[in-house]
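Comments concern the structure below.
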Amino acid sequence: MGVTSVGKVEADQGAEDGVEELVALARMIAYARQVAQDVKLPFATNCLDLALEAVKQEVGEGLTRELAELSSPVPQVSVRSH
């Protein structure tokens with residue numbers, strides 16, 4: 083195993099860790115959104131909907147089934163910087 087192979091393995095592990103962190107973040111946002119909805123805070127609920135959709139977009143299409151339970155009524159929007 084050469085140096086480039088080790089670097090690639092570490093990069094793959096880092097990318098996987100990043101995706102796991104984004105999924106965890108999406109779950110926390112979904113929980114906060116549900117709490118905001120339960121206590122009738124519509125503005126906070128809307129903001130958390132947008133945040134959840136942005137995180138789901140960042141995770142990408144590969145994990146949409148895993149994050150389907152965290153769906154919100156917000157349509158897909160682009161939040162990428164220009």
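So the working numbering is basically just the index in the sequence shown, starting at one, shifted up by 82.
No residue lacks a Cβ here, since even glycine has one placed at the ideal position from N, Cα and C.
- In this structure, residue 118 lies away from residue 134, with their beta-carbon atoms at least 9 Å apart.
- Its chain contains 137 as the residues whose beta carbon lies nearer than 8 Å to that of residue 107, once the 5 sequence neighbours on both sides are disregarded; these appear in chain order.
- By the C-beta density criterion, residue 141 is buried, having at least 16 other C-beta atoms within 10 angstroms.
- When only Cα atoms are considered, residue 109 and residue 123 end up about 19 Å apart.
- Counting only runs of at least 4 residues, the region 95-146 fully encloses the following alpha helix (DSSP H) elements, listed from N- to C-terminal order: 124-141.
- Each residue's CA atom was taken as its position, placing residue 104 and residue 114 some 15 Å apart.
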